[in-house]
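Chemist: Following this message is one structure expressed as structure tokens.
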Amino acid sequence: MEAAEQGRSDWMKIHPLVVRVTHWINAFAILIMVTSGWQIYNASPLFPFRFPREITLGGWLAGGIQWHFAAMWLLVMNGLVYLAYGIVSGHFRRKFFPITPGAIFRDVKDALRGKLAHDDLSMYNAAQRAAYIAIILCAVVLVLSGMAIWKPVQMQELAGLLGGYEGARRVHFIAMSLLVFIVLVHIVMVALVPRTLPTMFTGRARRPS
Amino acid sequence: MKKRTMESSLAEHSPRLIRSIERRLFLRQGLSLGALAMLSGCNPTDDEGVQKLLTGMSRWNDRAQAWLFNPNKLAPEYPESAITTPFPFNAFYGQDEVPIVDGKGYKLELAGMIREKKPWTLPELYALPQTSQITRHICVEGWSAIGKWSGVRFSDFLARVGADTTAKYVGFKCSDDYSSSIDMATALHPQTLLTFRYADQILPPEYGFPMKLRVPTKLGFKNPKHIMSMFVTNEYPGGYWEDQGYNWYSGS
Chain A
962 MEAAEQGRSD
972 WMKIHPLVVR
982 VTHWINAFAI
992 LIMVTSGWQI
1002 YNASPLFPFR
1012 FPREITLGGW
1022 LAGGIQWHFA
1032 AMWLLVMNGL
1042 VYLAYGIVSG
1052 HFRRKFFPIT
1062 PGAIFRDVKD
1072 ALRGKLAHDD
1082 LSMYNAAQRA
1092 AYIAIILCAV
1102 VLVLSGMAIW
1112 KPVQMQELAG
1122 LLGGYEGARR
1132 VHFIAMSLLV
1142 FIVLVHIVMV
1152 ALVPRTLPTM
1162 FTGRARRPS
Chain B
676 MKKRTMESSL
686 AEHSPRLIRS
696 IERRLFLRQG
706 LSLGALAMLS
716 GCNPTDDEGV
726 QKLLTGMSRW
736 NDRAQAWLFN
746 PNKLAPEYPE
756 SAITTPFPFN
766 AFYGQDEVPI
776 VDGKGYKLEL
786 AGMIREKKPW
796 TLPELYALPQ
806 TSQITRHICV
816 EGWSAIGKWS
826 GVRFSDFLAR
836 VGADTTAKYV
846 GFKCSDDYSS
856 SIDMATALHP
866 QTLLTFRYAD
876 QILPPEYGFP
886 MKLRVPTKLG
896 FKNPKHIMSM
906 FVTNEYPGGY
916 WEDQGYNWYS
926 GS
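Structure below.
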């Protein structure tokens, strides 16, 4: 009995179920959106390069568009659930704030020198907070600029805010690049601190001793 | 020697840790298998079940776009100075294969749910009230270009020939074996024009002589050129690109 209680107190809940489920649905949706988006980009590149065929989804333009416009519903619906939960439950307020530029700068510097401590998995350091907020903002900008590209007539007011149809294409590309960069850093960080990976499935982590 | 040390050090750890490592390895292998399937030549788009799902989503997107379509919302119009020159040539073939249509013998054929199916000659069409627009042509590939087209408002033409505007679709057949179709709400949009001129000149062959349907609320491939006949129908007509997987509605 005592041992069981002690065993239980060894663990702490760090990721609520909603966050875990929406995280993995989001990861799947982002993977489809990015790889099918590269396929669409390749049909008429904005810049003097194409993405290698092997990392694009859909086979050709029509397939890429089918994937992109199917997964967009998953991305948006899942994103809305996540945002609503994060705001209403106080998850964002608790996990992402307070955040100061000084703390972000210090933590990023420490991380680059390989000295950033992440012992207590229930707390995000400032670099993580900045990265997770940035990725949410990227996704919001991607959805808005995507809507402007999809509906430059019906949503011309939105498109106008982003520099019209051609402006929205560039905003969409830049937000995608930033998002892919943050995701890559995120994956490298998980590889460096691998005990964070199972927590995104189980929701639990061992208390720091 | 080194291997031995590793084995003994592993054995010192609890079985729980080893199980947890195994679980982690399994997970990692599972994830990389999924990633590999996506990245390698094995294309999930070709899978029959996946293709069914994607086609179903495309039909759903047709309905979503019809619902989003506001018949009173006008596509932005631009000054002459914004026109893209030269306006890009685009077709499913090269510029040297552009069909040459004989304007003298030409007659536009009408079919389907239309009261007066008398074919129209070019002089008859040119004599109808004409209007112009400078709008952005957006290609499904992503690029866009601004051009000036002139012709008869398509809703006026449909009214003149007694088309049943309660029908669902208007379809087009072209001299280059191209075809496309649009929904009736878009056909009746005030900026949908049956055009005979580009930049105030009679349409040159590469821009669709003798006529091009200009639909600034849809992607470029929904703007058929070299139109030979049109029909009004309730049966889904599809189209050249639509039948190959491009989204049918493709509204802007």
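Protein chains in written order, with our numbering: chain A, 962 to 1170; chain B, 676 to 927. C-beta atoms are modelled at their ideal positions from N, C-alpha and C, and glycine is treated no differently. Values in this document were obtained by computation on a predicted structure and should not be read as measured data.
1) Below 7 Å between beta carbons is the criterion; list the residues of the stretch 851–865 of chain B that meet it against any residue of chain A, in chain order.
2) Could you tell me whether the Cβ atoms of I821/B and Y1126/A are closer together than 8 Å?
3) Are L894/B and P885/B touching if we call contact CB-CB under 8 Å?
4) List the residues of chain A whose Cβ lies closer than 8 Å to the Cβ of P891/B, in chain order.
5) Closest to S927/B by C-alpha separation, out of Y921/B, G920/B, L728/B and V890/B, would be which residue?
6) Go ahead and pull the three-state DSSP assignment for E791/B.
7) Using the three-state DSSP reduction, which class does V890/B fall into: helix, strand or coil?
8) Per DSSP, which residues does T810/B bridge with? Please list them.
9) Determine, using beta carbons only, whether Q919/B comes closer than 8 Å to chain A.
10) Answer with buried or exposed for P1155/A, where buried requires no fewer than 16 other C-beta atoms within 10 angstroms of its C-beta.
11) How long is the line joining the alpha carbons of F1066/A and A1087/A, rounded to whole angstroms?
12) Put D858/B into one of helix, strand or coil per three-state DSSP.
13) Could you tell me the distance, in whole angstroms, from the CA atom of L992/A to the CA atom of I1143/A?
14) Looking at the secondary structure, which residues open and close the beta strand (DSSP E) in which M1150/A lies?
15) Just to confirm the assignment, what range does the alpha helix (DSSP H) spanning M1033/A have?
16) Going by the beta-carbon positions, is the gap between H976/A and G998/A smaller than 8 Å?
17) According to DSSP, simplified to helix, strand and coil, what is Q866/B?
18) For the stretch 733–758 of chain B, list every residue whose C-beta sits within 7 Å of some C-beta in chain A, in sequence order.
19) Measuring straight from C-alpha to C-alpha, what distance separates D971/A and R1167/A?
20) Can you pull the DSSP bridge partners for E784/B?
21) Taking CB distances under 8 Å as the criterion, tell me whether W928/B reaches chain A.
22) What would DSSP say about G913/B, mapped onto helix, strand or coil?
23) Along the alpha helix (DSSP H) that carries K1070/A, what are the first and last residues, could you check?
24) Rounded to whole angstroms, what's the CA-CA distance from S825/B to V1151/A? Just pull it up for me.
25) I believe A990/A touches L1036/A by the beta-carbon criterion, under 8 Å. Please report the beta-carbon distance rounded to the nearest angstrom.
26) Using a threshold of 8 Å, state whether the C-beta atoms of S855/B and K897/B are closer than that.
27) So which residues of chain B does W1127/A contact, with C-beta pairs closer than 7 Å?
Modeler: Let's see:
1) none
2) no
3) no
4) V1114
5) V890/B
6) coil
7) coil
8) G822/B
9) yes
10) exposed
11) 8 Å
12) strand
13) 13 Å
14) Note, M1150/A: premise wrong, no beta strand (DSSP E); alpha helix (DSSP H) at G1125 to L1153.
15) L1022 to V1049
16) no
17) coil
18) S733, N736, L743, F744, N745, K748, A750 and P751
19) 6 Å
20) S904/B
21) Residue 928/B cannot be examined here, being either before or after the span of chain B that is shown, 676 to 927.
22) coil
23) P1062 to L1073
24) 59 Å
25) 4 Å
26) yes
27) The sequence shown places Glu at residue 1127/A, rather than the Trp named in the question. The contacting residues are S819.
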